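Visitor:
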Amino acid sequence: MRQLERMLSGASVVAFLDCEGTQWSHEIIEIGAVKAVLNPDCTFKKVFKGFRVYVKAKQPVGPFVTKLTGISDSLLEKKGVRYARSLEMLRKYLGADYPHCRFLTYGKQDGEMFIASGENNLDASIIESRSIAHRCLDFESFLNRFVPGKDGNPLSQKKALEVFGLAELGTAHDALDDAINLSRLFEAFVKRKDIVLEQYMHLLCSNKRGAPAPVKKVIAQLLEQGQASLEDLRRYAAEDIK
1 MRQLERMLSG ASVVAFLDCE GTQWSHEIIE IGAVKAVLNP DCTFKKVFKG FRVYVKAKQP
61 VGPFVTKLTG ISDSLLEKKG VRYARSLEML RKYLGADYPH CRFLTYGKQD GEMFIASGEN
121 NLDASIIESR SIAHRCLDFE SFLNRFVPGK DGNPLSQKKA LEVFGLAELG TAHDALDDAI
181 NLSRLFEAFV KRKDIVLEQY MHLLCSNKRG APAPVKKVIA QLLEQGQASL EDLRRYAAED
241 IK
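So this is what it looks like as structure tokens:
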């Protein structure tokens with residue numbers, strides 16, 4: 001898909017990325033990533049084993065986040081590393097591809113969390129944190145242009161997977177599991193053009209978007225009957241201006 005290729009800006013290496021963050025300061029407490037090499041048509045050439053690291057935060061995790069993710073302050077004390085160290089580990093995981101790698105996320109919050117962590121951890125490079133945030137591409141917003149949820153709002157990642165006939169794997173709000181599921185969603189979007197087209201056709205004739213009513217009626221007729229003509233469009237247009 002040309003629009004997907006444009007979003008990736010020619011990148012041949014991507015990392016599907018998910019972060020969990022603290023309740024109030026939005027610092028990163030867990031990073032999950034899956035590196036993939038793409039073919040020119042955006043299909044997978046190679047997918048690497050996933051990466052996970054727990055990250056110590058300056059501020060408390062917060063009870064809501066602990067309940068949601070199972071990550072507590074005590075767990076981070078035992079298993080977490082400093083934020084600066086987590087960046088080193090991410091660089092090592094991505095290897096020589098790190099400088100030009102694009103990070104695919106589901107939503108904008110992951111990139112924002114890198115900036116929050118950079119600002120709260122002065123031993124880490126804020127420039128590097130901002131660079132990662134700048135290279136984050138929001139696949140949720142991209143998908144919503146073709147496969148929207150109710151009233152045009154973005155689908156949750158779980159619901160988006162279900163559109164493509166896929167069940168969510170692993171545990172929700174586990175950073176690595178979410179990154180793996182995002183890679184599966186991306187692959188389904190690229191491969192199942194039939195589903196994307198069906199969803200997009202329904203979107204085009206939805207009253208929630210700005211296409212003129214006659215155009216929506218023609219598309220609806222195409223969906224129902226399999227054919228429509230210029231005369232059908234003319235008839236619908238005439239009805240619209242009565």
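Per full-length UniProt numbering, the very first residue in the sequence shown carries number 1; after that it's consecutive.
All C-beta atoms in this analysis are idealised placements derived from N, C-alpha and C, irrespective of residue type, glycine included.
Please read all numbers here as calculations on a predicted model, not as lab measurements.
(1) The beta strand (DSSP E) that contains ARG102, what's its start and end?
(2) Restricting to runs no shorter than 4 residues, where is the alpha helix (DSSP H) found entirely within the stretch 61–95?
(3) What distance in whole Å lies between the Cβ atoms of VAL65 and GLN23, which are believed to be in contact at a cut-off of 8 Å?
(4) Along the alpha helix (DSSP H) that carries VAL215, what are the first and last residues, could you check?
(5) What residue does the beta strand (DSSP E) around ASP177 start on, and which one ends it?
(6) Looking only at C-alpha atoms, which of PHE186, CYS101, PRO154 and LYS158 sits nearest to ALA133?
(7) Below 8 Å, how does it come out for the stretch 35–42 and the stretch 2–20: are there three or more Cβ pairs, yes or no?
(8) Between GLN225 and ILE219, what straight-line distance do the alpha-carbon atoms span, to the nearest angstrom?
(9) Can you list, in chain order, the residues of its chain whose CB lies under 8 Å from that of LEU8, leaving out five sequence neighbours each side?
(10) If contact is defined by three or more beta carbon pairs under 8 Å, each pair taking one atom from either stretch, is the stretch 117–131 in contact with the stretch 79–95?
(11) For PHE150, which three-state DSSP category applies?
(12) Anyone know if the C-beta pair for ASP178 and GLN157 falls short of 8 Å?
(13) Find out if the Cβ-Cβ distance for the pair GLU140, TYR98 is shorter than 8 Å.
(14) Name the DSSP bridge partner or partners of ALA15?
(15) Under the three-state reduction of DSSP, which class applies to ASP41: helix, strand or coil?
(16) Please report the straight-line C-alpha distance between LYS191 and GLU5, rounded to a whole angstrom.
(17) Between GLY149 and the rest of its own chain, which residues show a CB-CB distance below 7 Å, the 5 nearest in sequence each way excluded?
(18) Hey, LEU90 and ILE31: beta-carbon distance below 8 Å or not?
(19) Buried or exposed: which applies to ARG135, given that a residue is buried once 16 or more other Cβ atoms fall within 10 Å of its Cβ?
(20) Take GLY170 and list the residues in its own chain whose beta-carbon comes closer than 6 Å to its own, dropping the five residues that flank it on each side.
Guide: In short:
(1) Numbered from 1 along the sequence shown, position 102 holds the residue referred to as residue 102. Taken as a continuous stretch (DSSP letters only), the beta strand (DSSP E) holding ARG102 covers 102–105.
(2) 63–69, 73–79 and 83–94
(3) Translated into positions along the sequence shown, residue 23 becomes position 23. Translated into positions along the sequence shown, residue 65 becomes position 65. GLN23 to VAL65, Cβ: 5 Å. Contact.
(4) On the sequence shown, position 215 is the one that residue 215 refers to. 213–225 is the span of the alpha helix (DSSP H), which, as asked, contains VAL215.
(5) Residue 177 sits at position 177 when you count from the first residue of the sequence shown. ASP177 -> not in any beta strand (DSSP E); alpha helix (DSSP H) instead, spanning 175–191.
(6) Indexing the sequence shown from 1 puts residue 133 at position 133. Nearest option by C-alpha distance: CYS101.
(7) yes
(8) Residue 225 sits at position 225 when you count from the first residue of the sequence shown. Residue 219 sits at position 219 when you count from the first residue of the sequence shown. Those two C-alpha atoms are separated by around 10 Å.
(9) Position 8 of the sequence shown, counted from the start, is the residue given in the question as residue 8. If we look at LEU8 and ignore the five residues flanking it on each side, its Cβ neighbours are VAL14, LEU38, CYS42, ARG102 and LEU137.
(10) yes
(11) In the sequence shown, the residue the question calls residue 150 occupies position 150. Note that residue 150 is Lys in the sequence shown, not Phe. Helix, per DSSP.
(12) The residue you call residue 178 lines up with position 178 of the sequence shown. The residue you call residue 157 lines up with position 157 of the sequence shown. In contact: ASP178 and GLN157 (Cβ atoms closer than 8 Å).
(13) Locating residue 140 in the sequence shown gives position 140, counting from the first residue. Locating residue 98 in the sequence shown gives position 98, counting from the first residue. Not in contact: GLU140 and TYR98 (Cβ atoms no closer than 8 Å).
(14) Residue mapping note: residue 15 aligns to position 15 of the sequence shown, counting from 1. For ALA15, which the question treats as bridged, DSSP gives the partners LYS35 and PHE103.
(15) As a first step, residue 41 must be located in the sequence shown, where it is residue number 41. Here ASP41 sits in coil by DSSP.
(16) Walking along the sequence shown from the start, residue 191 turns up at place 191. Walking along the sequence shown from the start, residue 5 turns up at place 5. Approximately 14 Å between the Cα atoms of the pair.
(17) Position 149 of the sequence shown holds residue 149. For GLY149, where only same-chain residues beyond five positions count, the Cβ hits under 7 Å are LEU155 and LYS159.
(18) Locating residue 90 in the sequence shown gives position 90, counting from the first residue. Locating residue 31 in the sequence shown gives position 31, counting from the first residue. Yes, the pair counts as a contact, with Cβ atoms nearer than the cut-off.
(19) As a first step, residue 135 must be located in the sequence shown, where it is residue number 135. Buried is the call here.
(20) In the sequence shown, counting from the first residue as 1, residue 170 sits at position 170. So the qualifying residues of the chain are ASP177.
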